[in-house]
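In the numbering used here, the protein residues as written are 2 to 271. The structure under discussion appears below in the form of structure tokens.
This is the structure:
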């Protein structure tokens, strides 16, 4: 989401609930381009600057794989910044058909193939095929497969979504959820899973970041785009909660939540 302060692009006319909800429901959700949120929602960025850090690692890699690449935006940026030292071989995987098409259109001009692979399927690559595997916000990191396709001494470099991320918003719609719901995303759990797959953790950093939603259109679009937040979300199903939240934002200001992120660097022992 946008890291900028909210604005109304010079138009201060009030907009009603129905208009805002309709706008949020009409925006395409493919890829991981969050530029539409400019002026509607803000999210603080992690201090480590993942995309720039990924570019630095790509500049030193020979064969790289980006897992669950989304629309390819982060990989495209990082490869562009790494040029002309980008790896000789680079490939990406993605499971959502709409994102496969978007990532292919974006990355093909760079000579990068995007392979359609569901998140729970084995990676269709040989053992020890890559010296760098990366991922930004994988649904579930496939630790065993990551370890398998990394060559000895190779690294996994990623930014993961942490536990209870934006749960203030999630629990507004679903009610209080048990800690077990997000336990699989806890850094300690991911450290254990990575080590169980035979990887060594080189670095693991976590941060909690401020998120603000400035209108109900941003809430609707966010929940349509990040579909696992409120499973089965539709405007009709949650119209009562949406209307109440719209009134709250109008009277009290932005809805405040917090995202959690962690930076992971792991290595396959040489």
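Backbone N, C-alpha and C define an ideal beta-carbon position, used for all residues, glycine too.
Secondary structure of residue 172 (DSSP, three-state): helix. Between residue 22 and residue 236, the beta carbon gap of about 6 Å places them in contact (Cβ cut-off 8 Å).
For residue 31, there is no enclosing alpha helix (DSSP H), as DSSP gives it neither H nor E. Spatial neighbours of residue 116 in its own chain (CB-CB distance under 6 Å, excluding positions within 5 residues in sequence) are listed in chain order as 94. The DSSP-derived three-state label of residue 150 is helix. Rounded to the nearest whole angstrom, the C-alpha separation of residue 168 and residue 18 is 23 Å.
Under a 10 Å Cβ-count criterion, residue 65 is classified as buried, with 16 or more other Cβ atoms of the shown protein chains found around its own Cβ. With fewer than 16 other beta carbons inside 10 angstroms of its own, residue 20 counts as exposed.
According to DSSP, residue 212 shares a beta bridge with 44 and 258. Ranked by how close their Cα comes to the Cα of residue 152, the residues 41, 126 and 83 have 126 in first place. The DSSP-derived three-state label of residue 206 is strand. In the DSSP assignment, residue 116 is bridged to 94. CA-to-CA, the gap between residue 104 and residue 111 works out to about 11 Å. Remark: C-beta atoms of residue 234 and residue 243 do not approach each other more closely than 7 Å. A distance below 7 Å between beta-carbons, with the five flanking residues on each side excluded, links residue 255 to the following residues of its chain, in chain order: 213, 214 and 215. Per DSSP, residue 54 lies in no beta strand (DSSP E) segment; the continuous alpha helix (DSSP H) that holds it begins and ends at 51-59.
If the five residues before and after residue 72 are omitted, its C-beta is found closer than 7 Å to the C-beta atoms of 31, 32, 33, 34, 100, 103, 104 and 107, all from its own chain and listed in chain order. From the listed residues 133, 172, 26 and 143, the smallest Cα separation to residue 161 is found for 143.
In the assembly as shown, residue 248 is an exposed residue. Its beta-carbon has fewer than 16 other beta-carbons within 10 Å. Residue 201 places its beta carbon less than 7 Å from that of residue 270.
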